[in-house]
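Visitor: First, the structure itself, so that you have it in front of you.
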Amino acid sequence: MGQPLATLWFDGRSPRGRPVRLRIDGDELVLEPLDEAADGPPRRYPMRRVRWPERRTHGQRQTELPDDSLIQHADAPEWDAWWAAHGLRESWVVGWQQSWRATAWAVIGAIAVLLASWFWGVPVASQFVAQRLPLALDERLGTDSLAQLDRGLLKPTRLDEARRQAIERRWRAFVDSAHPEGDAPTWRLAFRHAPDLGPNALALPGGQIIVTDELVELLHDRPDALTGVLAHELGHVRHRDGLDMLVRASLLSAIVGVVFGDASTFIATVPATLLTQSYSRDVERRADAYAAERLHRAGLSPAVMVTLFERLAAVRQKEGERGGVLPIALASHPADEDRIRYFREWTPER
Ligand SMILES: [Zn+2]
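Counting in the numbering used here, the sequence shown runs from 1235 upward without gaps.
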């Protein structure tokens, strides 16, 4: 039967590891807490449902248990020796993958990624994939992302109802005159108080546009500049930039989503991506171009954006850099000279 192994178990809630002994009993892994009074009686897990560590890796061995708790063993050689002593070999490692399906998905997905990026490069490959994801997914991603942000960075708005309605009315009128053909993308404004983000705005997949109270205050006397910001964000919505960025960051899981019609793995990557990725300069320029052109079409001067950039720069000087908190948000990609000049000098012929 082999010797039990003394190791550490994490219950998934507390960051503290509990000393336990592991042994294998037939088809079950038995986990015996040394401190039964505190950690309860022995636990038994079916071997097949345990996610065993891969053997090839260096460093500690981490084993995930079906109840979301886990075992961490710092001494890899000791773990491997214990493992080998049971004559278990790799079959169980393959076992956690449960089925040929998981393996087939990974393999086909990887081949698709390789082929796609071989032929078109990663940006084109991700565009190709993004275009094949259903629009309903944008909606779902937007809702999930907003909920995620509401748990951390965003607080309920402190703007009163009348003020929000006035902004929304003005914005709706703008969209109607900027898109006389009625082909504007779907949008929804989400007002939030966000001390960590400061004056800021960002568009989520599906058309949700977050506007911070701080931005509304910053531009309280320049409603046209606020319209300009929203127009830039609507540009991101129109080009599906949010989705494209998420796909690019997790191309493999997105491809698996397209090929197999199951986007759950992809969706799981979204919160982390959202907090770390930013748009490329080209993507920002395209959203700027959209904003300038639509502002013009609606009878406003694209130069309203200059006020915005100046005020953001003043805030940054006074309160320090806030970028990096949410890299895709407006204030995280400050305007350089080029960008300011672009709006100041924009003319319809360009
Ligand atoms: Zn942007």
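All C-beta atoms in this analysis are idealised placements derived from N, C-alpha and C, irrespective of residue type, glycine included.
How would you write the range of the alpha helix (DSSP H) that T1377 sits in, first residue to last?
Guide: L1369 to D1384
Visitor: Below 8 Å CB to CB, which residues in the same chain sit around S1325 once its five sequence neighbours on both sides are set aside?
Guide: Because S1325 carries a pLDDT of 49, less than 50, the predicted location of this residue cannot be relied on, and no value is offered for it.
Visitor: Could you please give the first and the last residue of the uninterrupted alpha helix (DSSP H) stretch that includes T1179?
Guide: Past the boundaries of the shown model lies residue 1179; the chain is included only from 1235 to 1584, so the question cannot be answered.
Visitor: At 4 residues or longer, and completely inside the stretch 1515-1571: list those alpha helix (DSSP H) runs for me, N to C.
Guide: 1515-1531 and 1538-1553
Visitor: When we look at the beta-carbon of V1328 and count the other beta-carbons within 10 Å, is it buried (16 or more) or exposed?
Guide: For V1328, the predicted structure reports a pLDDT of 42, less than 50, and the residue's modelled location is therefore unreliable. A value from the coordinates is still provided. So V1328 ends up on the exposed side.
Visitor: Between the alpha carbons of S1487 and D1430, how many angstroms are there, rounded?
Guide: 31 Å
Visitor: Can you tell me which of the three DSSP states Q1209 falls into?
Guide: The chain is shown only over 1235 to 1584; residue 1209 falls outside these bounds and no answer can be derived.
Visitor: Taking A1547 as the reference, which of H1473, A1370 and G1432 has the closest Cα?
Guide: G1432
Visitor: What do you get for R1392, buried or exposed, if any count of 16 or more other CB atoms within 10 angstroms of its CB means buried?
Guide: exposed
Visitor: Would you be able to state if there are at least three C-beta pairs under 8 Å between the stretch 1457-1472 and the stretch 1535-1545?
Guide: yes
Visitor: Is DSSP giving W1243 helix, strand or coil here?
Guide: Three-state DSSP puts W1243 in a strand.
Visitor: Run through DSSP, which three-state label would P1357 get?
Guide: Helix, per DSSP.
Visitor: Going by beta carbon distance, what residues of the same chain come within less than 6 Å of L1268, once the five residues before and after it are set aside?
Guide: Same-chain partners within the cutoff: P1253.
Visitor: Tell me the DSSP secondary structure of R1456 in three-state form.
Guide: coil
Visitor: Using a threshold of 8 Å, state whether the C-beta atoms of G1533 and Q1442 are closer than that.
Guide: no
Visitor: How about the stretch 1447-1454 and the stretch 1344-1362: do they share at least three Cβ pairs that are nearer than 8 Å?
Guide: Short answer: they don't touch.
Visitor: At a threshold of 7 Å, does H1427 count as lining ligand 1 (C-beta to nearest heavy atom)?
Guide: no
Visitor: Rounded to whole angstroms, what is the Cα-Cα separation between G1476 and L1560?
Guide: 13 Å
Visitor: Where D1314 and V1264 are concerned, what is the direct C-alpha to C-alpha distance, given to the nearest angstrom?
Guide: 18 Å
Visitor: Where do the ends of the alpha helix (DSSP H) carrying P1311 lie?
Guide: A1310 to A1319
Visitor: Less than 7 Å between the CB of Y1524 and some heavy atom of ligand 1, yes or no?
Guide: no
Visitor: With A1271 as the anchor, note down where its alpha helix (DSSP H) starts and where it stops.
Guide: E1270 to D1273
Visitor: In terms of alpha-carbon separation, which member of D1496, T1503 and D1410 lies closest to L1529?
Guide: Ranked by Cα distance from L1529, the options D1496, T1503 and D1410 are led by D1410.
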